[in-house]
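Presented below is the structure to which this report refers.
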Amino acid sequence: WLREDPHLFRRFCALWPDADPEAVRRALVLTAAAHDVGKLYPAFQAKSPQGWAYGYGTTWSDPVPNGASFDHGAGTYRIFRTLFGGRYGAASGVDRNWKTLLPLLRVGAGHHGTLYPENDTLPDPSVRTHPLFAPLVPVLLAELVHHFGPPLPLPPEPPHAFLLLTAGFVSVADWFGSNADAFPLSPDVTDRAGAEAYLARHREARTAETALREAGLIAGFRPPEGTVEELFAALFSPDGEQWRPRPGFQAAACAIPFGRNEGPEIAVVEAPMGLGKTEIALFLATQALRHGTAAGLYAALPTQATANALFARVERYAGRIRGETDLALALAHGAKHYFRDYRALRERTRRTVFDRARRADPRDPTPPSEVVAPSWVQPSKRA
4 WLREDPHLFR RFCALWPDAD PEAVRRALVL TAAAHDVGKL YPAFQAKSPQ GWAYGYGTTW
64 SDPVPNGASF DHGAGTYRIF RTLFGGRYGA ASGVDRNWKT LLPLLRVGAG HHGTLYPEND
124 TLPDPSVRTH PLFAPLVPVL LAELVHHFGP PLPLPPEPPH AFLLLTAGFV SVADWFGSNA
184 DAFPLSPDVT DRAGAEAYLA RHREARTAET ALREAGLIAG FRPPEGTVEE LFAALFSPDG
244 EQWRPRPGFQ AAACAIPFGR NEGPEIAVVE APMGLGKTEI ALFLATQALR HGTAAGLYAA
304 LPTQATANAL FARVERYAGR IRGETDLALA LAHGAKHYFR DYRALRERTR RTVFDRARRA
364 DPRDPTPPSE VVAPSWVQPS KRA
């Protein structure tokens with residue numbers, strides 16, 4: 004994801020400018036890879052009748068722990084807090100640089116929506132002493148290091164904005180990694196060689212890249228080129244016409260050098276209805292997309308009615324910048340399924356998915372002709 008979407012990676016680096024970019028990349032990958040380490044706990048294995056026999060290769064001689072209410076996210080942070088957050092040194096066989104990732108691992112462990120207080124999570128002696136569980140922790144961390152590289156030193160105290168973005172990154176990565184259609188269960192993978200073959204197979208097939216693009220998370224925008232006047236005409240003119248920015252405030256607003264640099268930026272436009280404020284907003288967003296400092300567009304309107312009124316214009320605009328990939332377009336309010344234009348878009352989406360399923364090559368990158376609103380961006384995946 005970080006490789007396919009340079010804007011996302013640059014955003015991470017801009018939020019933590021004191022950190023080495025390669026250390027940031029490695030930290031994010033390892034945080035995502037380690038977010039479910041808490042599933043090693045006996046209580047989590049007890050969620051499945053075959054958990055101990057399959058996961059540990061043995062049976063449980065004592066009464067089986069009740070895993071019904073076990074929070075594996077809390078377990079993940081408890082493991083790392085025990086290894087690196089207390090007065091004891093790192094466990095034998097564990098790379099000490101994992102400690103620099105502790106703030107990231109804390110927010111990554113909250114990938115199901117709970118952020119665990121840093122000082123309220125007590126160390127767990129069983130992480131170091133349990134005869135079956137404890138020896139597996141350094142083994143699993145060593146496997147992650149083998150496949151993704153060792154953690155690199157980071158400055159202390161990452162900025163809160165960086166941690167916030169990290170939490171979202173890990174949560175979304177977890178959603179994709181849990182997609183059994185893209186990454187089916189492989190019970191035959193039981194050792195390092197099997198894991199290497201599994202990763203190599205999916206890397207060669209570009210499974211993750213395909214999933215990200217089909218979800219609309221990799222920007223493939225190709226806005227028209229040209230002068231301000233030419234770009235404005237290409238974005239907004241009805242067929243057969245050549246619109247230009249209106250003289251005065253609209254022309255001046257469109258001439259703003261917007262979106263040339265990474266980081267937050269704001270333009271405030273105040274004018275009566277009907278004078279072209281929407282075109283200004285979309286035009287400035289297009290400039291950011293052209294410069295690669297934005298990866299999408301979110302329009303926040305005060306009411307459902309105003310959102311519905313803008314939908315057709317945004318859909319038409321999206322069709323003119325969509326480039327060579329599908330474009331995710333969602334109407335994000337509770338009554339969207341009663342809005343005729345949105346229902347029509349969803350129906351076209353269903354036909355597109357059906358047509359793709361009939362293709363001889365399911366990975367054919369040829370895009371459909373319409374704007375696509377994939378199910379991934381529907382409410383169940385919105386924070």
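Counting from 4, one number per residue, gives the positions in the sequence shown under the working numbering. C-beta atoms are modelled at their ideal positions from N, C-alpha and C, and glycine is treated no differently.
The count of Cβ pairs closer than 8 Å, one atom from the stretch 39–49 and one from the stretch 129–140, reaches three, so the stretches are in contact. The Cβ neighbour count for G116, taken over all protein chains shown within 10 Å, is under 16; the residue is labelled exposed. Under a 10 Å Cβ-count criterion, N100 is classified as buried, with 16 or more other Cβ atoms of the shown protein chains found around its own Cβ. A145 and A17 have their alpha carbons spaced roughly 30 Å apart.
In the three-state reduction of the DSSP assignment, D98 falls in the coil class. Looking at V140, E268 and A291, the one whose alpha-carbon comes closest to that of G96 is V140. Assignment of A77 by DSSP, reduced to helix, strand and coil, places it in the helix class. The DSSP-derived three-state label of L144 is helix. With fewer than 16 other Cβ atoms from the protein chains shown falling within 10 Å of its own Cβ, Q245 counts as exposed.
The C-beta distance from L292 to I324 rounds to 7 Å, short enough to meet the 8 Å contact threshold.
Note on geometry: alpha-carbon atoms of E7 and P120 lie some 33 Å from one another. The beta carbon of S129 sits closer than 7 Å to the beta carbons of F136 and A137 from its chain, once the five residues preceding and following it are set aside; these are given in chain order. Using a Cβ distance threshold of 9 Å, A49 and A77 do not count as a contacting pair. The shortest C-alpha to C-alpha distance from P226 to any of E217, P159, G299 and R13 is the one to G299. Taking a 10 Å sphere around the C-beta of E217, we find 16 or more other C-beta atoms and assign the residue as buried. For the options P190, G223, D39 and T281, the alpha carbon positioned closest to that of R316 is the one of T281.
Taking the Cα of H75 as reference, the smallest distance to any Cα among F87, L118, A270 and P106 is reached at L118. Counting only runs that start and end inside the stretch 109–178, the alpha helix (DSSP H) elements of at least 4 residues fall at 129–132 and 139–151. For H340, no alpha helix (DSSP H) encloses it, and the DSSP letter there is neither H nor E. If you ignore the 5 residues before and after L287, its C-beta comes within less than 8 Å of the C-beta of A256, C257, I259, F261, G262 and A270, all in its own chain and listed in chain order.
Cβ contact annotation for A164 (same chain, cutoff 7 Å, sequence separation greater than five): L18, in chain order. Sequence-distant Cβ neighbours of V32 in its own chain, meaning closer than 8 Å and more than five residues away, are L5, F151 and G152.
DSSP places G197 within a helical segment (H, G or I) once states are collapsed to three. The beta carbon of H149 lies closer than 7 Å to those of R195 in the same chain, with the five residues before and after it left out.
Assignment of Q253 by DSSP, reduced to helix, strand and coil, places it in the helix class. The beta carbon of P248 sits closer than 6 Å to those of F235, A254 and C257, all from its chain and outside the five residues before and after it, given in chain order. For A198, the CB contacts under 8 Å within the same chain, skipping 5 residues up- and downstream, are E146, H150 and V192 in chain order.
Here Y345 has L334 and K339 as same chain residues with Cβ atoms under 6 Å from its own Cβ, once five neighbours each way along the sequence are excluded. A contact is defined here as three or more CB-CB pairs under 8 Å, and the stretch 302–309 fails this definition with respect to the stretch 205–223. Straight through space, the alpha carbons of A297 and H10 are spaced by roughly 7 Å. Rounded to whole angstroms, L188 and W178 show a C-alpha spacing of 15 Å. In this structure, A183 sits away from L104, with a CB-CB distance that is not shorter than 9 Å. Assigned with DSSP and collapsed to three states, V40 falls in helix.
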